[in-house]
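What follows is a set of notes on a single structure, which appears directly below.
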Amino acid sequence: MTENESSMERDFDPDTAPDLSTGGWPERLAKAPLRRGRPPKARPKVSTTIRLSQDVIDHFRAGGRGWQTRIDQALQDWIKQQHDMA
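Numbering (the numbering used here), first residue to last: 39 to 124.
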């Protein structure tokens, strides 16, 4: 057992877990779709390289984690403002 595993308390008793090897479970589990990670987005973000002034970077980084997302949101807001003005 690792250090992390030994520090975690179990919230179930493994001796009372149902037997999934009987009662039709193997067939149901074999047919179940395998899903990993987050569901794909319709319009995922695109990785790019952009050069920004140090003042802009400093301002957004001062807000902590998520600074790149906040830059993205600021640009989205600017685009919306431009469309509203047209």
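The beta-carbon is built from N, C-alpha and C at its ideal position, and this holds for glycine as well.
Delimiting residues of the alpha helix (DSSP H) encompassing residue i
i   : result
F98 : 92–99
R34 : Since the first residue shown for the chain is 39 and the last is 124, residue 34 is missing from the structure and cannot be characterised.
K69 : 63–69
Distance between residue j and residue i (C-alpha atoms, nearest Å)
i   : j   : result
A70 : D49 : 26 angstroms
R76 : K83 : 14 angstroms
R81 : G62 : 39 angstroms
Close Cβ partners of residue i (< 7 angstroms) along its chain, the five nearest in sequence each way excluded
i    : result
W105 : F98, R99
Beta-carbon contacts of residue i that lie in its chain and below 8 angstroms, excluding the five residues immediately before and after
i   : result
L67 : L58
Contact set for residue i: own chain, Cβ-Cβ below 6 angstroms, skip 5 residues either direction
i    : result
Q119 : none
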